[in-house]
Amino acid sequence: MMKTIIVCDALHPIAIQLLKKEDDLNIIDAVNTPKSELYSMLAEADVAITRSPTDVDEKFLSSAKKLKAVVRAGVGVDNVDIDGCSRRGIIAMNVPTANTIAAVELTMAHMLAAARSFPYAHNDLKEHRIWKREKWYGVELFDKKLGVIGFGNIGSRVAARAKAFGMQIIAYDPYIDPAKVVDMGGVYTKNFDDILQCDFITIHTPKNQETTDIIGKDEIYKMKDGVRLINVARGGLYNEEALYEGLKSGKIAFAGIDVFSKEPATNHPLLDLPNVSVTAHLGANTVESQQNIAIQAVEAAISAARGISYPNALNLPIKTEDLPPFVSPYIELTSKMAFLAAQINKKAIKSIHVEAHGEISQYVKSMLTFALVGALKEHLGEKINYVNAKFICDEKGIIYDTSVSGSSVFKNKISVKIVTETDVAIVRGTVFNENEQRIVEINGFKTDFKPKGKMIIFKNNDIPGVIAQISSLLAAENINIADFRLGRDNYGKALAVILVDEKISKELLAKLNALEVCVWVSYVSI
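If you want my numbering, it's the 1-based position in the sequence shown plus 15.
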């Protein structure tokens with residue numbers, strides 16, 4: 016039967032041209048169709064191509080009865096209900112690299128604007144006919160220190176271009192090989208304060224629990240007077256309230272901003288300041304980038320319609336029909352355990368190992384990809400998926416393997432071990448009854464909790480009064496404790512898993528870490 020691809024939003028004209036060349040596919044061009052009419056057209060679609068104007072939400076998914084895959088033509092998937100897709104067996108894909116050069120070059124444009132106040136100098140002459148050269152003294156990029164937060168596909172290319180301007184590169188990225196920075200003549204640092212002492216700072220990370228508000232009031236306080244900040248990545252990586260105060264006070268000389276926490280940002284306070292260059296999320300808005308996005312989205316849709324492959328799939332499942340029903344909860348558990356282990360041990364990952372005991376050990380190799388995605392998704396965000404996980408590990412030199420263990424008190428047990436440069440994290444779990452997932456051990460400490468919710472994991476010296484100290488700090492912040500699980504070893508240490516009702520701030524986490532009894536503490540939300 017001929018498969019149908021529906022194009023819901025405007026793409027570069029080449030998209031429809033390429034699709035119509037495929038004789039074995041039926042194409043529905045719904046670009047100019049009102050959203051009220053789109054839902055009835057979705058009923059015939061096997062694959063949908065969307066952009067930001069179309070929300071892939073409950074209404075969309077419930078209307079698309081035959082849908083097998085959806086391609087978000089771009090990087091961001093904020094408007095795609097990935098969990099909803101997964102529940103329906105719909106594979107969600109994006110196009111994460113097509114706009115790389117566009118984002119890199121826009122970063123450089125904002126960097127130059129930040130150095131020379133170009134937008135305001137331009138307006139003074141063109142709009143107001145004022146010729147006042149002495150008003151527009153800027154600074155040179157040459158010999159300035161550029162702090163690059165996130166040294167991946169975009170950040171590394173920004174650094175290469177900045178180096179051509181004669182800038183000194185300081186890079187912070189816990190999840191790369193330092194040689195990537197050193198080999199291009201930059202300096203790799205593990206100390207985030209080194210970034211804060213740079214003349215210019217630019218950020219190129221996914222938006223996640225670790226990177227949201229990575230630059231806030233405290234970080235800005237530590238910066239050099241007259242620092243210049245750039246964000247062409249994701250809104251909310253810089254705390255916008257702190258950014259506003261820093262710009263208003265003059266601590267921050269200038270900022271170049273393309274992205275905001277809430278968009279469209281037509282009434283944002285930053286727009287009122289005279290030392291900000293702003294653009295309306297134009298990171299992907301070049302002719303070349305739009306063409307690349309269209310081509311890659313179409314190629315992904317065609318492959319998905321034919322069932323050949325699912326490039327950049329964000330939720331590609333194992334074919335559960337080929338596996339016994341009891342395996343499915345272990346698949347989910349493995350991914351959660353890997354995610355948990357990666358949060359405990361946040362350094363650059365060197366190896367990921369999955370070990371299984373019992374009947375589930377027959378399927379341990381099927382678990383591996385889920386462990387890789389679980390371990391790396393917080394660090395790589397939308398770049399990691401079930402299709403490319405092993406390739407990315409190979410590229411980064413991360414070793415991955417599986418094994419089968421011997422005896423255990425549990426009928427079936429899965430272990431995930433993550434090794435970094437300096438530490439090891441081991442998380443073990445099992446499934447009770449049909450689907451009661453449990454974490455039963457962390458780094459040798461016995462425990463028993465569901466891998467779900469907001470939790471503080473606190474390792475401490477096992478002395479009296481620790482629980483009272485933790486509870487006191489949480490109570491002072493009006494944080495309610497939902498559950499408290501404590502494990503002890505024979506060496507004077509203890510490990511607490513504290514389930515809480517509210518998100519834990521970086522400030523509160525720092526207070527917990529500052530307790531004399533604390534060995535280390537992590538916050539995890541699953």
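Heads up, the beta-carbon is just placed ideally off N, CA and C, and yes, glycines get one too.
Could you give the first and the last residue of the continuous alpha helix (DSSP H) run that contains residue i?
| i | result |
| --- | --- |
| A25 | It is not in any alpha helix (DSSP H) - A25 carries neither H nor E in the DSSP assignment. |
| V46 | Taken as a continuous stretch (DSSP letters only), V46 belongs to no alpha helix (DSSP H), as it is neither H nor E. |
| S171 | 170-179 |
| Q452 | Element bounds for Q452: not the alpha helix (DSSP H) but the beta strand (DSSP E), 451-457. |
| Q484 | 481-491 |
| F341 | Premise fails: F341 is in no alpha helix (DSSP H) and is neither H nor E. |
| N138 | 133-141 |
| I191 | No alpha helix (DSSP H) contains I191, which DSSP labels as neither H nor E. |
| D233 | 232-237 |
Confirm the yes/no value for this check: CB of residue i, any heavy atom of the ligand ATP, distance under 6 Å.
| i | result |
| --- | --- |
| M17 | As presented, the structure is devoid of all ligands, the ligand ATP included, so that no description of it is given. |
So, is residue i buried or exposed, given that buried needs 16 or more other C-beta atoms within 10 angstroms?
| i | result |
| --- | --- |
| T437 | exposed |
| P466 | buried |
| T217 | buried |
| F157 | exposed |
| R243 | buried |
| I323 | exposed |
| E234 | buried |
| E410 | exposed |
| E370 | buried |
| R102 | exposed |
| K147 | exposed |
| I478 | exposed |
| T69 | buried |
| A194 | exposed |
| F473 | buried |
| K150 | exposed |
| M123 | buried |
| N138 | exposed |
| R503 | exposed |
| Q377 | exposed |
| A509 | buried |
Throw me the rounded Cβ distance for the residue i and residue j pair, which I believe falls under 8 Å.
| i | j | result |
| --- | --- | --- |
| T220 | L252 | 7 Å |
| L33 | A63 | Not a contact, Cβ separation roughly 16 Å. |
| G104 | L76 | Not really, about 11 Å apart at Cβ, beyond 8 Å. |
| L514 | M470 | 5 Å |
| G459 | R453 | Actually they do not touch by this definition, with Cβ atoms about 17 Å apart. |
| I317 | V110 | With 8 Å as the limit, I317 and V110 do not qualify as a contact, their Cβ atoms being about 13 Å apart. |
| L329 | A511 | In fact, because the Cβ distance is near 33 Å, the residues do not count as touching under 8 Å. |
| I245 | F275 | Incorrect: roughly 14 Å between the Cβ atoms, too far for contact. |
| Y203 | V197 | 6 Å |
| L26 | A113 | Not quite, the Cβ-Cβ distance comes to about 11 Å (not below 8 Å), so this is no contact. |
| V71 | D96 | 6 Å |
| V402 | L338 | Contact flag wrong, Cβ pair sits at about 19 Å. |
Going by beta carbon distance, what residues of the same chain come within less than 6 Å of residue i, once the five residues before and after it are set aside?
| i | result |
| --- | --- |
| V293 | I272 |
| M238 | L211 |
| L301 | Note that residue 301 is Thr in the sequence shown here, rather than Leu. For T301, where only same-chain residues beyond five positions count, the Cβ hits under 6 Å are A117. |
| D61 | K18, T19, K81, K83, A320 |
| G241 | A268 |
| K426 | G373 |
| K617 | Not covered by the structure: residue 617. The range shown for the chain is 16 to 541. |
| I230 | Y253 |
| G250 | V274, F275, S276 |
| A136 | W151 |
Give every residue of the same chain whose Cβ lies closer than 8 Å to the Cβ of residue i, excluding the five residues on either side of it in the sequence, and list them in chain order.
| i | result |
| --- | --- |
| G421 | H372 |
| A58 | S78, A79, K80, K81 |
| A497 | G468, L514, V515, D516 |
| I145 | D139 |
| R66 | C23, D24, A25, L26, R87, A88, G89 |
Kindly indicate the opening and closing residues of the beta strand (DSSP E) around residue i.
| i | result |
| --- | --- |
| L211 | Premise fails: L211 lies in the alpha helix (DSSP H), 207-211, not in any beta strand (DSSP E). |
| I184 | 183-187 |
| V154 | Neither: V154 is in no beta strand (DSSP E) and is coded neither H nor E. |
| R243 | 242-246 |
| I218 | 215-218 |
| F447 | 439-447 |
| G162 | 160-164 |
| D463 | 460-464 |
| I472 | 469-476 |
| Y203 | 202-204 |
Would residue i count as contacting chain B if we go by Cβ distances under 7 Å?
| i | result |
| --- | --- |
| I184 | Absent here is chain B; the protein component of the structure consists of one chain. |
Keeping to the same chain, check which residues put their C-beta closer than 7 Å to that of residue i; ignore five residues upstream and five downstream.
| i | result |
| --- | --- |
| V539 | L355, Q358, M470, I472 |
- Secondary structure, beta strand (DSSP E): runs of 3+ residues fully inside the segment 350-428: 364-372, 414-419
- Message: At 4 residues or longer, what runs of the alpha helix (DSSP H) sit wholly inside the segment 265-339?
- Response: 302-320
- Task: Entirely within the segment 494-537 and at least 4 residues each: give me those alpha helix (DSSP H) ranges in chain order.
- Result: The qualifying runs are 521-529.
- Jot down the residue ranges of each uninterrupted beta strand (DSSP E) in the segment 28-110, minimum 3 residues, whole runs only, in chain order. Whole beta strand (DSSP E) segments, 3+ residues: 40-44, 62-65, 84-87, 106-109.
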